[in-house]
Amino acid sequence: MIVPSQIPYRVREVEKLSPTLKRFYLEAADGGALPPSSAGAHVVLTIPGVHRTWKNAYSISSTPGERESYSIIVRRVLNSRGGSVQMHEGVTAGDVINGAVPHNLFALSRAGRKHVLIAGGIGITPLLSHAAALHGGEAPFELHQFSSKAEIPVFERLLGVYAGHAQVHGPGGEAEAVEAILTHQPLGAHVYVCGPPLLIELVVRTAEQLGWPTAAIHHESFGDHSAGAPFTAMLAKSKIEIAVGPDQSLLEAIEAVGVQAPYLCRGGACGQCMTRVIAGEPDHRDDVLTPEERAAGELIMTCVSRAKTPRLVLDL
Amino acid sequence: MADQGIRSRPVYGPVRLDATGRRHLLVTDKPEVPADALRDELGAFPEVWTVARTARQPSSPFLAPAEGAASTHAFRSLAQLFDALRARLSRETMGFRLYAVGSETFLADVGALGASAGLGRAEIVLGHAGSLGRRVYCVHCRTMTDGVKDNVFACSGCGASLFVRDHFSARLAAFMGVQVDAEVPGELPPIETLYE
Amino acid sequence: MNKPYSADTAFRGKFAYKNSDAGILRFPFPFAEDGYMYSVNIEPHVRGGPSEAFHHVFDVDEHYVAECEERAIVLAEDPARCQVLPHMMQAQWDTLELMMESLAEDYPEHFSLEKEGDRWTWTNRLLDIRDSFTFGDALSLPYEPFEYITRQGQGDFTLQDQRNDNLFLDGGMVTTQADWSLNFDLGMSFHEWHGPVPKAHEMGVFDRALKFLLRLPYGRPVRRLNWTMTINPRLDTSPENYSVWGPDRATVTPENVGEKVHLRVEVQTLFRLPRSNAILFGIRCYLISLAELSRVPKWRRRLHRVLQGLDPALQDYKGLVRYRPMAIDYLVDDGAPTSPGIQSDLTSL
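Protein chains in written order, with the working numbering: chain A, 1 to 316; chain B, 1001 to 1196; chain C, 2001 to 2349.
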């Protein structure tokens, strides 16, 4: 079907899972059905605040395919651009938030013989939808959640329905645990990891050392890569000069002056926000450009990348 | 029909050990591994399976590969090797690499068997040695004909004169054969031996 | 729209096929300029465009009933024309939902979809079908979901699994194809199943198309046009049956070229499927004889010019070599200018 780029979600319920974790249940504000989602998909929400809005991506943690509501889990992070704080402190049941339809950059490999899901902290959110999709299916799966000591009961509760498939690991011994998890997995297995950069790096490195091919290793990170030194950008077509603040991405700065720039994932992975650079040197933080394209300096992903020079001129 | 250089056609190079793998098994359809099909020394491959083509070949424990030391197992026939490979792959774990050196048809069959056991394309390495004779799938009657060496041949199932295309199906482990004189019966191109 | 009819239509044997005047005017003529070469000619698939064939998500035209009957015949002869690999069941349900919801929304006079939770009731008044089933339970339908719904759609469909930065042809309903075999290509990757197409690979067409499709978002379907020519209004020009239809190519004469030679246009649509994250590829096939097409002067001139300048590799790949000169002679080019774009420039014939 053809759907509009932004749809209004109504917050049906907010559930506090822990001092820093809240689960939000979103339904269609018009009372209709939501598009069905796929396991690993996320939605980008436009979070309204007093002085600014944020556009943050949140993994759908509920069962894929359910059309009455989606659930997302948000970690309140103090030293970030502030979107999660706003979600925790400024959003309550009944509020309507605009957002995009689900998009998936972390899908299950459907032909896989076994799926090994590894999460750290809030990284559990996309893997909850993976587990829901795999539960009761033909391919075996395991889910390993690495947790701080304080949050073990929270994750044990979230994962209770997957007893027999899921295990919560407390702090310490991650390297040994990951090696044990990834050794002796059958041919055709796939591993999916989401969480802090160190955990992702550990899992990817261990899998590679054990001989897993790259195609069998999947990861999604939620890192906030887009903060950095301030710079200015000249939008050549719109003839507007903008200042990009240290806590705002180039894309956000462009949107703040009312220019509609293309975007999709807002995480440097999908390529939709690719923009031509007319002058200045980009600071590439994306996953899309090849080394040659990076070196040529003629393209930039506005959602995560910044500038090495004080000024960029863009073809926007 | 100008089909050469078609993307589905498998392209084989000299086989070298993939250092990212942890366990390695090299199989061939011949009594010995042809050295010029390998980029690395034969000794670099810890485990090698060959086909002796004799019933007198004693059995060896191919399911329990010797750790560290190199080992060679010879099988009585191709069928026995494939049986053993199926069993071995069902017990293998991630980190395994399968290498095959042999005829076009042998490589296609190893590729298909590996895929059905869950191996991805990066975990199977194929190198050609020996006959280029093709297994051809007649798209009209579905009969497979092995060892085809010419560009045009008569299908063993329905008798149609088939042109042997470069279009290759890994799932069927065969090249496509299409009737060459469908439009004007009897109008055949010059017959050449291309896949010797 | 014209009420679909099927009486006296046959896509095989003695052949019987014609487009009404309205059918001719809505034909998706594929050439926007006087020459043709491969390109990544993708545009958003919105309800609208220069041809009425683009005005609905899945176009249903006056040949609907006849084409569904023809599909049923092909499947009775060769069930391997519809195959879906086991891991694609979710994509099958995605497809059923997409097609049922779209058809019911676009043509409420012909199709209805009622839902009570998982219990759905589908009515197809054109084919006299009314079935209640449980969404998600393949046993509650007379066929698996993909076969069930594509038997009620015009054109071919394939399911492409997205994994490892690539697309794999892991399912399809292929009965009106321009010379490719589902049974042979099933399981191939994007570049592999496009393998036989000349020139386009070196031009990078498939590299760019693949990158674009890997990022295709849900709710933003795209479409493009492809074309070839067919002798007689035959839909099943499969390699499987080449021995049957191949000889037709040698039966074209200057006397019969207008009736026998048909321009065959594929309106290809691509949808991201929501649950499976797979891609549905629709290949909707339209036929028009040169005689019918010549009633639109702009199209007559333009097709003459396109055929005249067509790269020999494409002539060969599209199977036009035997009759192309006769077709060019038949399509009289009076040298008048043609407007850019594909539209007919006529409101009536």
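Note that CB positions come from ideal geometry on N, CA and C, so glycine has one too.
This structure is a prediction, so every number in the text was calculated from the model and none was measured.
Compare the C-alpha of residue i against each of the options and name the closest.
| i | options | result |
| --- | --- | --- |
| G2136/C | R2224/C, Q2090/C and T2269/C | Q2090/C |
| R67/A | G2187/C, Y2148/C, S2339/C and D2118/C | D2118/C |
| T2338/C | L2310/C, R2305/C and R2284/C | R2305/C |
| E2043/C | L2287/C, L2213/C and S2243/C | L2213/C |
| V2046/C | R2224/C, Q2152/C and D2179/C | R2224/C |
| A150/A | A166/A, P171/A and I7/A | P171/A |
| N2256/C | D2185/C, G2319/C and A2291/C | A2291/C |
| F231/A | S249/A, F24/A and T290/A | S249/A |
| G245/A | L159/A, V259/A and R306/A | R306/A |
| A1064/B | P1058/B, Q1057/B, A1084/B and F1045/B | A1084/B |
| S2344/C | W2193/C, A2200/C and L2303/C | L2303/C |
How would you label residue i, buried or exposed, when you count the other beta carbons within 10 angstroms and need 16 or more for buried?
| i | result |
| --- | --- |
| P2030/C | buried |
| V161/A | exposed |
| M2203/C | exposed |
| T2237/C | buried |
| T1145/B | buried |
| G136/A | exposed |
| E1041/B | exposed |
| E1183/B | buried |
| E1196/B | exposed |
| L2349/C | exposed |
| Y2143/C | exposed |
| K239/A | exposed |
| K2298/C | buried |
| H51/A | exposed |
| A1002/B | Since pLDDT at A1002/B reaches only 49, below the 50 mark, its modelled position is unreliable, and the value read off the structure follows with that caveat. Answer is exposed; the Cβ neighbour count stays below 16. |
| R311/A | exposed |
DSSP three-state call for residue i: helix, strand or coil?
| i | result |
| --- | --- |
| V203/A | helix |
| N2166/C | strand |
| L210/A | coil |
| I1006/B | coil |
| W2352/C | Past the edges of chain C, shown from 2001 to 2349, lies residue 2352/C, and the structure says nothing about it. |
| I2342/C | coil |
| S2102/C | helix |
| T2158/C | strand |
| L1194/B | coil |
| V304/A | coil |
| N1151/B | coil |
| M1001/B | Note that M1001/B has pLDDT 46, beneath the 50 cutoff, so the model's placement of it is unreliable and the number below is only indicative. Here M1001/B sits in coil by DSSP. |
| P48/A | strand |
| S1103/B | coil |
| D2329/C | helix |
| G2258/C | helix |
| M2001/C | Confidence at M2001/C is low in this model, with a pLDDT of 45, below 50, so the placement of that residue should be treated as unreliable; the coordinate-derived value is given next. Note: M2001/C maps to coil in three-state DSSP. |
| Y2242/C | helix |
| F1045/B | coil |
| D315/A | coil |
| M1094/B | coil |
| R1053/B | coil |
| T2095/C | helix |
Given the structure, does residue i come close to the ligand ZN, in the sense that its CB is under 6 Å from one of the ligand's heavy atoms?
| i | result |
| --- | --- |
| V2267/C | In the structure on display, the ligand ZN does not appear, and there are no ligands present to speak of. |
Original post:
Should the stretch 1006-1020 of chain B be called in touch with the stretch 193-206 of chain A, which here means at least 3 C-beta pairs below 8 Å?
Top reply: Flag = no, the stretch 1006-1020 of chain B and the stretch 193-206 of chain A do not touch.
Original post:
Which parts of the stretch 2003-2046 of chain C are runs of the alpha helix (DSSP H), unbroken and 4 residues or longer, counting only runs that do not cross its ends?
Top reply: The stretch 2003-2046 of chain C is shown to contain whole alpha helix (DSSP H) runs of 4 or more residues at 2021-2025, in chain order.
Subject >> Complete runs of the alpha helix (DSSP H) confined to the stretch 84-171 of chain A [at least 4 residues] >> reply: Complete alpha helix (DSSP H) runs here, min 4: 124-134 and 152-158.
Subject >> Touching by the beta-carbon criterion (3+ pairs, under 8 Å), the stretch 75-86 of chain A and the stretch 20-27 of chain A >> reply: Short answer: they touch.
Subject >> contact_flag[the stretch 2122-2141 of chain C, the stretch 2058-2072 of chain C] where n(CB pairs < 8 Å) is 3 or more >> reply: Result yes; three or more Cβ-Cβ pairs closer than 8 Å.
**OP:** Could you tell me whether the stretch 1020-1029 of chain B touches the stretch 1136-1150 of chain B, where touching means 3 or more Cβ pairs closer than 8 Å?
**Re:** Contact fails: fewer than three Cβ-Cβ distances are below 8 Å.
Original post:
Between the stretch 2013-2021 of chain C and the stretch 1153-1171 of chain B, do at least 3 Cβ pairs fall closer than 8 Å?
Top reply: At 8 Å Cβ cutoff, the stretches do not touch.
Original post:
Are the stretch 54-71 of chain A and the stretch 89-98 of chain A touching, with three or more C-beta to C-beta distances below 8 Å?
Top reply: Segments in contact, no.
Subject >> Any 3 or more C-beta pairs closer than 8 Å across the stretch 2268-2278 of chain C and the stretch 2245-2255 of chain C >> reply: Cβ pair count under 8 Å is below three, so no.
Original post:
Looking at C-beta atoms only, is the number of pairs between the stretch 2092-2103 of chain C and the stretch 2144-2151 of chain C that lie closer than 8 Å three or more?
Top reply: The stretch 2092-2103 of chain C, when compared against the stretch 2144-2151 of chain C, does touch it at the 8 Å Cβ threshold.
Original post:
Do three or more CB pairs link the stretch 273-284 of chain A to the stretch 1034-1048 of chain B at distances below 8 Å?
Top reply: Touching, no, given that fewer than three Cβ pairs across the two stretches are closer than 8 Å.
Original post:
Does the stretch 1107-1126 of chain B come close enough to the stretch 173-184 of chain A to have 3 or more Cβ pairs within less than 8 Å?
Top reply: Taking 8 Å as the limit for Cβ pairs, the verdict is that the stretch 173-184 of chain A does not touch the stretch 1107-1126 of chain B.
Original post:
Is it true that the stretch 1128-1136 of chain B meets the stretch 1018-1025 of chain B, where meeting means three or more beta-carbon pairs spaced less than 8 Å apart?
Top reply: Result no; under three Cβ-Cβ pairs closer than 8 Å.
**OP:** Decide if the stretch 1082-1097 of chain B is in contact with the stretch 282-292 of chain A; the criterion is three or more beta carbon pairs, one per stretch, under 8 Å apart.
**Re:** Result no; under three Cβ-Cβ pairs closer than 8 Å.
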